[in-house]
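In what follows, a structure is listed as structure tokens, so that the remarks can point back to it.
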Amino acid sequence: DTAVSQTPKYLVTQMGNDKSIKCEQNLGHDTMYWYKQDSKKFLKIMFSYNNKELIINETVPNRFSPKSPDKAHLNLHINSLELGDSAVYFCASNPSLTGFGYTFGSGTRLTVV
Amino acid sequence: QKEVEQNSGPLSVPEGAIASLNCTYSDRGSQSFFWYRQYSGKSPELIMFIYSNGDKEDGRFTAQLNKASQYVSLLIRDSQPSDSATYLCAPRLGAGGTSYGKLTFGQGTILTVHP
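For the protein sequence lines, the chains are S and Z, in the order given.
Sequential numbering from -3 applies to the first sequence in my numbering.
Sequential numbering from 88 applies to the second sequence in my numbering.
So, in structure tokens, the structure goes:
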């Protein structure tokens, strides 16, 4: 049983399209995150939710909109995709804000053509 | 100045040697420090964390922290080819303020252990 699961694993789409990535954790954790890893392997935080409440919203274009229907799920919707959005997107969860260490999902490789 | 700096490498060591991975951070408010390992095409996995000055050992891994120098390192003893991966350093601020305990990652050091 995968602790943090993301779907889809791969996503290839054209510029201008809208797409969503889903994340679910079965660890009972309170806090979830979206991170973006670019081609240089740099992992940068995008959003964080704690008990369904948005607590971190880094400088991300407003084409990106997270949604957390409950504390086990965190989805990412991206409007009007651009070439520069191509990256690997990781979901992660943490027992709490001060929990020791994230558990990452397997990642979604997004390619915009 | 970058928030978290790591030598991107690649760092190449022979099998059985000690690999030393270094990380410096800029925010003195950082309270705990995490090391993640990421194999190519995989997600990061936590291997060590440390929050007190000094050394912390776990098997072949030793994390070292010096808050006064804003420096954290990871030593891997008896390096194996299976240790070949990218190692990410991630300091964390406290849960208060606007950081909400988020991890800020360095760009990672690529380690190659050759037989």
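Positions of the beta carbon are idealized from the N, C-alpha and C atoms, including for glycine.
Q) Hey, Pro202(Z) and Glu102(Z) are a contact pair by Cβ (cut 8 Å); roughly how many whole angstroms apart? A) By one-based count along the second sequence, residue 202(Z) stands at place 115. By one-based count along the second sequence, residue 102(Z) stands at place 15. Yes, they are in contact, since the Cβ atoms of Pro202(Z) and Glu102(Z) sit about 5 Å apart, within 8 Å.
**Q.** Whole-number beta carbon distance between Leu180(Z) and Ser186(Z), since they are thought to touch under 8 Å
**A.** For the purposes of this step, residue 186(Z) is taken as residue 99 along the second sequence, with counting starting at 1. For the purposes of this step, residue 180(Z) is taken as residue 93 along the second sequence, with counting starting at 1. That belief holds up - the Cβ atoms of Ser186(Z) and Leu180(Z) are roughly 4 Å apart, short of 8 Å.
Q.
Cβ closer than 7 Å: which chain Z residues qualify as neighbours of Ile17(S)?
A. By 1-based counting over the first sequence, the position of residue 17(S) is 21. Ordered by position in chain Z, no residue passes the 7 Å Cβ test against Ile17(S), which lies about 14 Å from the chain.
Q: Using a Cβ cut-off of 7 Å, pull out every chain Z residue sitting near Ser44(S), in sequence order please.
A: Position 48 of the first sequence, counting from 1, holds the residue named residue 44(S). Going along chain Z in sequence order, the residues near Ser44(S) (Cβ under 7 Å) are Tyr187, Lys189.
Q.
Less than 9 Å between the beta carbons of Gly101(S) and Gln21(S), yes or no?
A. Residue numbering aside, residue 101(S) sits at position 105 when the first sequence is read from its first letter. Residue numbering aside, residue 21(S) sits at position 25 when the first sequence is read from its first letter. Yes, these two residues count as a Cβ contact at 9 Å.
(Q) Taking contact to mean 3 or more Cβ pairs, one atom from each stretch, closer than 8 Å, check whether the stretch 89 to 101 of chain Z and the stretch 125 to 133 of chain Z are in contact. (A) Too few Cβ pairs lie closer than 8 Å, so no.
Q) Are the beta-carbon atoms of Lys48(S) and Ser64(S) separated by less than 9 Å? A) Stepping through the first sequence from its first residue, residue 48(S) is reached at position 52. Stepping through the first sequence from its first residue, residue 64(S) is reached at position 68. Yes, these two residues count as a Cβ contact at 9 Å.
Q | chain C within 9 Å of Pro131(Z), Cβ atoms only | A | This model lacks chain C altogether, as its protein chains are S and Z.
**Q.** In DSSP terms, what Asn140(Z) is bridged to
**A.** For the purposes of this step, residue 140(Z) is taken as residue 53 along the second sequence, with counting starting at 1. Partner(s): none; Asn140(Z) has no beta bridge.
Q) Which term fits Val8(S), buried or exposed, when burial requires 16 or more other beta carbons within 10 angstroms of its beta carbon? A) Against the first sequence, residue 8(S) aligns to sequence position 12. Per the 10 Å Cβ criterion, exposed.
**Q.** Exposed unless 16 or more other CB atoms sit within 10 angstroms - verdict on Ala155(Z)
**A.** Within the second sequence, numbered from 1, the residue matching residue 155(Z) stands at position 68. With fewer than 16 other Cβ atoms within 10 Å, it is exposed.
**Q.** Members of the stretch 163 to 181 of chain Z that neighbour chain S once the beta carbon cut-off is set at 9 Å
**A.** Under the 9 Å Cβ criterion, the stretch 163 to 181 of chain Z contributes Thr173, Leu175, Ala177, Arg179, Gly181.
Q | Interface partners of Phe136(Z) on chain S, CB under 7 Å | A | In the second sequence, the residue the question calls residue 136(Z) occupies position 49. Residues of chain S passing the Cβ test: Phe96, Gly97.
Q. Helix or strand or just coil, what does DSSP make of Leu79(S)?
A. Sequence index remark: in the first sequence, residue 79(S) carries index 83 (1-based). In this structure, Leu79(S) counts as helix in the three-state DSSP scheme.
Q.
Is there a Cβ of chain Z sitting closer than 9 Å to that of Gly103(S), yes or no?
A. As a working mapping, residue 103(S) is identified with position 107 in the first sequence. Closer than 9 Å to some Cβ of chain Z, the Cβ of Gly103(S) qualifies, so yes.
Q.
Across the stretch 26 to 33 of chain S and the stretch 80 to 87 of chain S, are there enough close Cβ pairs to call them in contact, namely three or more that are closer than 8 Å?
A. yes
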